[in-house]
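Take a look at the structure below.
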Amino acid sequence: MEHSASDILVNRLREIDATISDLEKERSEIKVALSVVARYVTTPNSSAAESVVERKGDTDEPTAGAPRPDGIPTLWEMAREYLSSRQSATAAQVVGFIDGKYWPGVVHAQVGPSLYRFVNEGRLKKVGRGEFSLPSEENEPPEGGSETGEGDTSSEHFDRDDLEDSIKQLI
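Mapping to full-length UniProt numbering: the sequence shown position 91 is 91, numbers consecutive.
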(Lines of atoms letter the chains of each structure in order from A and count residues from 1; the text may use other names and numbers.)
(Lines give C-alpha, C1' and ligand atoms only; values in the text may rest on other atoms or scores of the structure.)
Protein backbone atom coordinates (compact mmCIF):
# COMPACT_ATOMS: atom_id res chain seq x y z
CA MET A 1 0.00 0.00 0.00
CA GLU A 2 1.49 3.33 -1.08
CA HIS A 3 1.21 6.45 1.01
CA SER A 4 1.04 9.88 -0.51
CA ALA A 5 3.45 12.58 0.57
CA SER A 6 0.67 14.33 2.48
CA ASP A 7 -0.20 11.09 4.35
CA ILE A 8 3.44 10.67 5.33
CA LEU A 9 3.65 14.27 6.52
CA VAL A 10 0.38 14.04 8.45
CA ASN A 11 1.58 10.85 10.17
CA ARG A 12 4.91 12.47 11.02
CA LEU A 13 3.11 15.50 12.40
CA ARG A 14 1.04 13.21 14.65
CA GLU A 15 4.24 11.54 15.88
CA ILE A 16 5.77 14.93 16.64
CA ASP A 17 2.61 16.08 18.46
CA ALA A 18 2.67 12.91 20.58
CA THR A 19 6.35 13.45 21.39
CA ILE A 20 5.73 17.07 22.32
CA SER A 21 2.85 16.03 24.57
CA ASP A 22 5.05 13.45 26.29
CA LEU A 23 7.87 15.97 26.73
CA GLU A 24 5.51 18.61 28.14
CA LYS A 25 4.21 16.09 30.67
CA GLU A 26 7.76 15.16 31.64
CA ARG A 27 8.72 18.85 31.87
CA SER A 28 5.82 19.46 34.22
CA GLU A 29 6.81 16.49 36.38
CA ILE A 30 10.44 17.64 36.53
CA LYS A 31 9.38 21.14 37.57
CA VAL A 32 7.28 19.66 40.38
CA ALA A 33 10.25 17.55 41.47
CA LEU A 34 12.56 20.59 41.38
CA SER A 35 10.05 22.54 43.42
CA VAL A 36 9.97 19.80 46.06
CA VAL A 37 13.76 19.58 46.10
CA ALA A 38 14.14 23.34 46.37
CA ARG A 39 11.64 23.53 49.21
CA TYR A 40 12.66 20.55 51.34
CA VAL A 41 16.23 19.54 50.54
CA THR A 42 19.27 21.57 51.48
CA THR A 43 22.32 20.52 49.51
CA PRO A 44 25.26 22.36 47.96
CA ASN A 45 23.37 22.28 44.63
CA SER A 46 19.95 23.24 45.98
CA SER A 47 20.40 26.88 44.98
CA ALA A 48 20.61 25.78 41.33
CA ALA A 49 17.34 23.89 41.68
CA GLU A 50 15.75 26.91 43.34
CA SER A 51 16.82 29.26 40.56
CA VAL A 52 15.37 26.97 37.90
CA VAL A 53 12.03 26.78 39.71
CA GLU A 54 11.86 30.49 40.54
CA ARG A 55 12.51 31.84 37.02
CA LYS A 56 9.70 34.11 35.88
CA GLY A 57 7.06 32.21 33.94
CA ASP A 58 8.72 28.87 34.59
CA THR A 59 6.10 27.27 36.81
CA ASP A 60 2.84 25.59 35.97
CA GLU A 61 1.12 27.31 38.87
CA PRO A 62 -1.22 30.09 37.76
CA THR A 63 0.03 33.56 38.65
CA ALA A 64 -3.03 35.38 39.91
CA GLY A 65 -1.44 38.73 40.62
CA ALA A 66 -2.88 41.37 42.88
CA PRO A 67 -6.60 42.12 42.90
CA ARG A 68 -7.59 45.16 40.86
CA PRO A 69 -7.84 48.23 43.11
CA ASP A 70 -11.10 50.17 43.12
CA GLY A 71 -11.21 53.48 41.30
CA ILE A 72 -8.33 53.02 38.90
CA PRO A 73 -8.70 53.77 35.18
CA THR A 74 -9.64 51.03 32.74
CA LEU A 75 -6.86 48.96 31.21
CA TRP A 76 -7.42 50.79 27.93
CA GLU A 77 -6.96 54.18 29.62
CA MET A 78 -3.80 53.07 31.42
CA ALA A 79 -2.28 51.51 28.29
CA ARG A 80 -3.18 54.57 26.21
CA GLU A 81 -1.65 56.88 28.83
CA TYR A 82 1.64 54.99 28.74
CA LEU A 83 1.78 54.58 24.96
CA SER A 84 0.84 58.20 24.25
CA SER A 85 4.31 59.35 25.32
CA ARG A 86 6.34 56.85 23.27
CA GLN A 87 6.45 55.28 19.83
CA SER A 88 5.94 51.73 21.09
CA ALA A 89 6.30 49.51 24.14
CA THR A 90 6.33 45.84 25.03
CA ALA A 91 3.59 44.26 27.09
CA ALA A 92 6.10 43.98 29.96
CA GLN A 93 6.71 47.74 29.82
CA VAL A 94 2.98 48.47 29.89
CA VAL A 95 2.55 46.08 32.83
CA GLY A 96 5.48 47.76 34.62
CA PHE A 97 3.90 51.19 34.16
CA ILE A 98 0.52 50.00 35.43
CA ASP A 99 2.21 48.23 38.37
CA GLY A 100 4.15 51.34 39.34
CA LYS A 101 1.39 53.92 38.98
CA TYR A 102 -2.00 52.30 39.49
CA TRP A 103 -2.04 48.61 40.34
CA PRO A 104 0.80 47.26 42.53
CA GLY A 105 1.32 43.54 41.98
CA VAL A 106 -0.40 43.33 38.58
CA VAL A 107 1.01 40.59 36.35
CA HIS A 108 1.18 40.04 32.60
CA ALA A 109 -1.72 37.57 32.65
CA GLN A 110 -3.98 40.38 33.91
CA VAL A 111 -3.00 42.87 31.19
CA GLY A 112 -1.58 41.00 28.18
CA PRO A 113 -4.82 39.51 26.86
CA SER A 114 -6.47 42.94 26.90
CA LEU A 115 -3.58 44.41 24.90
CA TYR A 116 -4.10 41.76 22.23
CA ARG A 117 -7.84 42.42 22.31
CA PHE A 118 -7.15 46.13 21.77
CA VAL A 119 -5.09 45.15 18.70
CA ASN A 120 -7.97 43.05 17.37
CA GLU A 121 -10.35 45.97 17.95
CA GLY A 122 -8.02 48.40 16.15
CA ARG A 123 -7.30 50.49 19.25
CA LEU A 124 -3.62 49.42 19.27
CA LYS A 125 -1.20 48.31 16.58
CA LYS A 126 1.27 45.47 16.98
CA VAL A 127 4.65 46.70 15.76
CA GLY A 128 7.79 44.64 15.70
CA ARG A 129 8.05 41.56 17.82
CA GLY A 130 5.89 41.90 20.91
CA GLU A 131 5.53 45.68 20.81
CA PHE A 132 2.40 47.78 20.76
CA SER A 133 1.69 51.34 19.68
CA LEU A 134 -1.25 53.69 19.30
CA PRO A 135 -2.51 53.82 15.70
CA SER A 136 -3.43 57.53 15.92
CA GLU A 137 -4.06 60.39 18.32
CA GLU A 138 -7.83 60.17 17.80
CA ASN A 139 -7.97 56.55 18.94
CA GLU A 140 -10.78 56.26 21.44
CA PRO A 141 -12.65 53.20 22.69
CA PRO A 142 -16.03 52.60 21.09
CA GLU A 143 -19.09 53.77 22.97
CA GLY A 144 -20.08 51.03 25.41
CA GLY A 145 -17.46 48.83 23.74
CA SER A 146 -15.43 46.15 25.40
CA GLU A 147 -14.75 48.33 28.43
CA THR A 148 -17.78 46.66 29.96
CA GLY A 149 -16.49 44.17 32.48
CA GLU A 150 -12.89 45.11 31.82
CA GLY A 151 -12.30 45.43 35.53
CA ASP A 152 -12.80 41.69 35.71
CA THR A 153 -9.43 40.34 34.70
CA SER A 154 -10.17 36.82 35.82
CA SER A 155 -9.41 33.99 33.44
CA GLU A 156 -13.12 33.61 32.68
CA HIS A 157 -13.01 37.05 31.01
CA PHE A 158 -10.24 36.10 28.55
CA ASP A 159 -11.12 34.49 25.26
CA ARG A 160 -9.14 31.45 24.14
CA ASP A 161 -6.96 33.30 21.58
CA ASP A 162 -5.99 35.98 24.10
CA LEU A 163 -5.14 33.35 26.70
CA GLU A 164 -3.02 31.39 24.21
CA ASP A 165 -1.19 34.60 23.22
CA SER A 166 -0.46 35.34 26.87
CA ILE A 167 0.85 31.85 27.47
CA LYS A 168 3.13 32.16 24.44
CA GLN A 169 4.46 35.45 25.84
CA LEU A 170 5.32 33.74 29.14
CA ILE A 171 7.14 30.83 27.52
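By construction, the Cβ of each residue, glycine as well, lies at the ideal position given by its N, Cα and C atoms. Being a predicted model, the structure only gives us computed values, none of them experimental.
Supposed contact pair residue j and residue i - C-beta distance, whole angstroms, cut 8 Å
| i | j | result |
| --- | --- | --- |
| residue 76 | residue 123 | 7 Å |
Euclidean distance between Cα positions of residue i and residue j
| i | j | result |
| --- | --- | --- |
| residue 65 | residue 113 | 14 Å |
| residue 105 | residue 69 | 10 Å |
| residue 67 | residue 73 | 14 Å |
| residue 86 | residue 7 | 50 Å |
| residue 125 | residue 102 | 23 Å |
| residue 9 | residue 84 | 47 Å |
| residue 130 | residue 136 | 19 Å |
| residue 30 | residue 15 | 22 Å |
| residue 33 | residue 19 | 21 Å |
| residue 17 | residue 71 | 46 Å |
| residue 120 | residue 89 | 17 Å |
| residue 37 | residue 4 | 49 Å |
| residue 28 | residue 115 | 28 Å |
| residue 22 | residue 2 | 29 Å |
Nearest candidate by alpha-carbon position, reference residue i, set the options
| i | options | result |
| --- | --- | --- |
| residue 134 | 6, 10 and 94 | 94 |
| residue 132 | 102, 81 and 107 | 81 |
| residue 118 | 79, 103 and 36 | 79 |
| residue 91 | 85, 21 and 110 | 110 |
Own chain partners of residue i with C-beta closer than 6 Å, once the 5 adjacent residues on each side are dropped
| i | result |
| --- | --- |
| residue 99 | 106 |
| residue 127 | 88 and 133 |
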